[in-house]
Each structure stands twice: as C-alpha cells, then as structure tokens.
Amino acid sequence: MASGRPLFPGSTVEDELHLIFRLLGTPSQETWPGVSSNDEFKNYNFPKYKPQPLINHAPRLDSEGIELITKFLQYESKKRVSAEEAMKHVYFRSLGPRIHALPESVSIFSLKEIQLQKDPGFRNSSYPETGHGKNRRQSMLF
1 MASGRPLFPG STVEDELHLI FRLLGTPSQE TWPGVSSNDE FKNYNFPKYK PQPLINHAPR
61 LDSEGIELIT KFLQYESKKR VSAEEAMKHV YFRSLGPRIH ALPESVSIFS LKEIQLQKDP
121 GFRNSSYPET GHGKNRRQSM LF
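Note that the UniProt record's numbering numbers the sequence shown so that position 141 is 141, with each residue one more than the last.
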C-alpha cells in the first residue's frame with residue numbers, strides 16, 4: 001500500500017505475476033535460484049521484463065521507503081528482510097521509539113503521536129473496483 005493502492009492488483013494469477021514481473025523483472029536463475037525448474041513457472045510463457053525503478057510506482061515514498069520496499073520485494077526468500085529487521089529500518093524512525101515497546105496485540109494508533117490521515121488524492125476507496133471483485137487477487141502460485 002506504499003502507493004496508496006495495491007502494488008500488484010492482478011485479477012488472475014497470471015495477470016498478477018505479469019504485474020510483479022513488469023516491476024521487478026522476470027525472475028531468472030540469478031534473481032531466484034531454482035525458478036527455471038519450477039513446474040508452475042514453466043507452464044507460463046512470460047516475456048523477459050527488465051526491472052523498473054520502484055520510485056515510479058510509489059512516488060510518495062522517500063529514498064528510505066524505497067530502500068525498505070526493495071528489501072521486501074526480493075524473489076529469493078532468504079534475501080528478504082524479516083519483519084523484525086524491517087521494524088529497525090531507518091524508515092520507521094520518524095514514528096518514534098515508543099512504537100517498539102508496544103505489545104504485539106496493541107495498535108500503533110493507540111499512541112497519540114501516530115495519526116491516520118485520509119489521503120486527499122482519493123475520494124472513496126483505496127482503489128477502484130469494477131464488477132464483483134474483479135480487481136481482487138484470486139491466489140498465488142509460488
């Protein structure tokens with residue numbers, strides 16, 4: 001939701017994978033070891049997309065936010081940042097130190113210094129939806 005709407009709003013598995021690959025680049029053995037031998041991946045004939053700059057898809061994020069999102073969006077799970085590591089990222093320093101002392105079951109919005117504000121760029125919902133859930137992701141392959 002870094003862009004104010006879903007980053008990959010595919011309506012089918014294949015559509016969503018195309019959106020992911022268009023942004024991150026089509027996975028290869030270098031970016032995701034073992035992907036070329038994955039039977040599910042081999043069933044699709046994906047174009048060879050080159051990675052695109054994330055700032056184009058989340059222009060409201062600063063460089064620290066882009067860096068954190070990049071750490072989340074790694075094909076190889078071992079290279080992804082953990083939730084614990086992510087919470088220590090410089091991007092969250094602006095929330096203050098009290099956020100790290102909250103029990104797991106307590107919302108960050110219980111802190112007076114944390115306020116949720118409506119984005120003036122969107123009128124009704126966080127993203128447009130047409131028909132009966134057509135923009136919702138149905139499932140994930142990998």
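Each residue gets a CB set at the ideal place from its N, CA and C atoms; glycine is no exception. Here the structure is a predicted model, which is why all the values come from computation and not from measurement.
With residue i as the anchor, note down where its alpha helix (DSSP H) starts and where it stops.
i	result
His18	13 to 24
Pro39	Contrary to the premise, residue 39 reads as Asp rather than Pro in this sequence. Residues 39 to 42.
residue 148	With the chain covering 1 to 142 only, the question about residue 148 has no answer from this structure.
Ala83	83 to 87
Can you tell me whether residue i is buried or exposed? The criterion is at least 16 other CB atoms within 10 Å of its CB, across all chains shown.
i	result
Thr130	Only weak support exists for where Thr130 lies, its pLDDT of 45 falling under 50; the value from the coordinates is given anyway. Burial call: exposed.
Ile20	buried
Lys134	The predicted position of Lys134 is uncertain, since its pLDDT is 46 and thus under 50; no value can be drawn from it.
Thr26	buried
Glu16	buried
Gly4	exposed
For residue i versus residue j, is the C-beta spacing smaller than 8 Å?
i	j	result
Arg98	Leu111	yes
Glu85	Gly96	no
Leu54	Thr31	no
Leu102	Phe109	no
His57	Leu24	no
Under a CB-based cut-off of 8 Å, is residue i close to chain B?
i	result
Asn45	Reference to chain B is not applicable here, since this structure consists of a single protein chain.
Segment contact, 8 Å Cβ cut-off, at least three pairs: the segment 45 to 53 with the segment 77 to 86: no
Any 3 or more C-beta pairs closer than 8 Å across the segment 2 to 12 and the segment 31 to 41: no
Contact between the segment 87 to 95 and the segment 55 to 69 (3+ Cβ pairs under 8 Å): yes
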